[in-house]
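First the structure, in the form of structure tokens, and then the observations on it.
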Amino acid sequence: MWAVARRPRWIALLLLALVLAGVFAALGKWQLERSIENGKPLPAGTETRRTLDEVTTPEKPVGSTLAGQKVTVSGRFVAGDTTVLTGRSGGGTYQAVGHLVDDATGASLPVVIGWADQRSDAVAGGDRLADGATVTVQGRYYPAESPDQDSFEQGEYSAVAPARFVNTWKAFDDRMYGGYVVAGGATADAADLGTIADRAPTREVQFDWLNLFYAVEWVVFAGFAVFLWYRFVKDAWEREQDEEREAAEAAEAAGGAPVDAAAGPVDAPALDDGTADGAPVDDARAEPGRR
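Converting from the sequence shown to our numbering requires adding 1240 to each position, the first position being numbered 1.
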């Protein structure tokens, strides 16, 4: 069989199979690296407090690595733009969201100030900070939430949605941050509200079994490419063996009994003419009726 495999045609096909196997193996390696990378916890850089303008800019989306980042921002709360949210976790029946104008950029930023059990108390807490004085807020920065249509139809809000605040805030200059800040205890105390229960984001990530399965699948494909070449070569060899055997059987059937070329020609059998050891033949005895 290997004599067939050494032919140029099959050598070229082997090179193609090896190239395909190499590509499949590289894809398997990439999927394995993805599986391992996805299984690693995200870095805990969010616990280092930074100023807001160091980590983001207005209108920039908030990525997963930035969610829960500790930030500090200074600005002024706009009077009359306090929004009350219901149905949120973190404490209280009502939570006050203020409209903060960042001193560094002039952009608007929603700030969850604190919570209260009465709506009027939540509104009063937000208004208490909107006295025109500069306030420094320390808290965590989170991605913007989508508006809750059901709450909107009922006249209540439950999501910190800058897209909705654009239509409800009175003072707005078209520049908005892509997320919002949950204020810490100092800001809540200044507003005479309860502090929102907030903690560091969870960084545990489960091992990505799907990528691992894909990696094994690509390795199987790589092995199958080489096996397919071997199967083609073996099929060609077996086909040639069958053709040679059929040709030999056809030649044997056409020529009668097989001839043994080594035995040489076969002599004709000698006739018994009455002689022995080369003695001359007596014509009288050889021909009956003659004396």
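The beta-carbon is built from N, C-alpha and C at its ideal position, and this holds for glycine as well.
Treat the numbers as computed from the prediction; the structure is a model and nothing was measured.
Rounded Cβ spacing between Val-1337 and Thr-1323 (contact assumed at less than 8 Å): 4 Å
Three-state secondary structure (DSSP) of Ile-1353: strand
Distance CB(Gln-1309)-CB(Thr-1286) smaller than 8 Å: yes
Beta-carbon spacing of Val-1400, Ala-1261 below 8 Å: Contact flag unset, no.
Range of the contiguous beta strand (DSSP E) that encloses Asp-1342: 1334–1342
CA-to-CA distance, Leu-1255 to Gly-1463, given in whole angstroms: Gly-1463 and Leu-1255 have their C-alpha atoms some 14 Å from each other.
Contact check, Gly-1346 vs Asp-1413, beta carbons under 8 Å: yes
Thr-1229 in three-state terms, based on DSSP: No information on residue 1229 is available, as it lies outside the stretch 1241 to 1531 that the chain covers here.
Gly-1550, buried or exposed, once every other Cβ within 10 Å from all chains shown has been counted against 16: Nothing can be reported for residue 1550, as the shown portion of the chain is limited to 1241 through 1531.
Inter-residue Cα distance where the pair is Asn-1407 and Thr-1288: 34 Å
Where Thr-1291 falls, given that 16 or more other Cβ within 10 Å makes a residue buried: Per the 10 Å Cβ criterion, exposed.
Of the listed residues Val-1377, Asp-1432, Trp-1469, nearest to Ala-1252 (C-alpha basis): Trp-1469
With 16 other Cβ atoms within 10 Å as the buried cut-off, status of Ala-1508: Because the pLDDT at Ala-1508 is just 48, under 50, the model does not fix this residue reliably, and the value given afterwards should be weighed accordingly. So Ala-1508 ends up on the exposed side.
Inter-residue spacing [alpha-carbon to alpha-carbon] between Arg-1368 and Arg-1274: 50 Å
Pairwise C-alpha distance: Gln-1481 and Val-1259: 30 Å
Own chain, CB closer than 8 Å to Val-1456, minus 5 neighbours either side, in chain order: Excluding five sequence positions before and after Val-1456, the CB atoms of its chain that fall closer than 8 Å to its own CB belong to Gly-1268, given in chain order.
Residues sharing a beta bridge with Val-1421, DSSP: Val-1351, Tyr-1381
Ser-1329 to Ala-1403 span [Cα, whole Å]: 21 Å
From Trp-1355, Arg-1359, Ala-1384, Pro-1350, residue whose alpha carbon lies closest to that of Gly-1303: Of the candidates Trp-1355, Arg-1359, Ala-1384, Pro-1350, Ala-1384 places its Cα closest to the Cα of Gly-1303.
Rounded C-alpha distance that separates Thr-1435 from Leu-1272: 44 Å
Closest residue to Glu-1299 among Ala-1370, Leu-1349, Asp-1475, Ala-1362 (Cα-Cα distance): Leu-1349
CB contact flag (Gly-1418, Thr-1296, <8 Å): Taking the C-beta atoms as reference points, Thr-1296 is found nearer than 8 Å to Gly-1418.
Burial state of Met-1416, where buried means 16 or more other Cβ atoms lie within 10 Å: buried
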